[in-house]
Structure formats: C-alpha cells, structure tokens
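Each residue of the sequence shown is one higher than the one before, counting from 5 in the working numbering. All C-beta atoms in this analysis are idealised placements derived from N, C-alpha and C, irrespective of residue type, glycine included.
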Amino acid sequence: MFISKKKLACFSSILLAIIVFALFGTPCYRYSSSLVGGVYYLGYDFGFGGNIVIEAFNATLVSLIGVILAFNLLSIFIKNLDENKITIVNIVLWTLALIFAICCMFVKHINVNYNPTNSITFSLLSTIIGLVFSIFLLVYKHEED
C-alpha cells in the first residue's frame, strides 16, 4: 500500500491537531491562589476572569491549531498544491504554534497564581512532533529500487 507524501503530510498534521484539541479539552491550568487544591481550567476557558495575557496565549494557540487543521483538510482536496508547498506552510504554522505553546508553558512566570498541568506539556510535545515531522517530509526523498 502506497500513500503519497501529500496525504501523509496532511493526515499527520490533522491527527496532531486533533490531539492538541483533545489535550486542551482536559484541565490545563490550575489557579492556586488561596485554595489548597486549586481550581482547574480548560484550555478553552478564555473568559474565566484571569490574566488576559494567558487567555490571549491560549486563544492564539487554539486558533493556530484550527488554521493548521483547516488548511490540511482543504489541502487534501486541492489538486494544485504539491507536497512541498504543503509542508512549507505546515512548518511555518507549526513553528508559530510551538512559539505560543512555549508561552503557555511559561504561564507560571507570567502570573504566579497559574500552574500549567501535564496537558500543556503534552500539547507542547505534539507541536514539536508536528514541526519535526513536517521538516522530515520536506527533506525526505523516497528512492525507488
């Protein structure tokens, strides 16, 4: 069974984007002011009245992952796009998503009351995997025997 590089690039980015969306649906941040256990928030809780910078990082990261998902869904059906153009756009989008995922990881230093949980770490790792896999697909040349 042979799958083209174009479909492989699109499906891998779609799968990683869905994983990041699922991770943001789990408790991502813990607000630990005076409460012992803290209150947990999802990555989609943009208006919970906290720090506006944290909410902006979350909203931008979720928007970038949505753009990655939409672009790759459309790229499957557009015949004029070849795999090099798709992987270059994916590299740029995954790099931007990685920047905002790193910002979400350093949320503890932005506001001392917020602690990121493991799901933010896994979303950061997923964006790194998406970036590395896009770069790999750009430079990999399939040699036929």
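- By a beta-carbon distance limit of 8 angstroms, Y48 contacts V66. Their separation comes to about 7 angstroms.
- S130 counts as buried, since no fewer than 16 other beta carbons sit within 10 angstroms of its beta carbon.
- By the Cβ rule, the segment 116 to 124 does not count as touching the segment 13 to 23, because fewer than three pairs are nearer than 8 angstroms.
- The Cβ-Cβ distance between S138 and N94 falls below 7 angstroms.
- Sequence-distant Cβ neighbours of V43 in its own chain, meaning closer than 6 angstroms and more than five residues away, are Y35.
- In this structure, the beta-carbon distance from I124 to M109 falls below 7 angstroms.
- Note that the C-beta distance between A101 and I69 is below 7 angstroms.
- Taking C-alpha positions only, I72 is separated from A21 by approximately 7 angstroms.
- By the criterion of a C-beta distance shorter than 7 angstroms, N62 is surrounded in its chain by G47, F50 and C108, once the five residues flanking it on both sides are discounted.
- Buried is the label assigned to L141, since at least 16 other Cβ atoms lie within 10 Å of its Cβ.
- About 11 angstroms separates the CB atoms of L128 and I103; that is not less than 8 angstroms, and the two are not in contact.
- The three-state reading of DSSP puts L46 in strand, counting E and B together.
- Contact annotation, V111 with I58: C-beta distance approximately 5 angstroms; criterion of less than 8 angstroms satisfied.
- The continuous alpha helix (DSSP H) containing N88 extends over residues E87 to M109.
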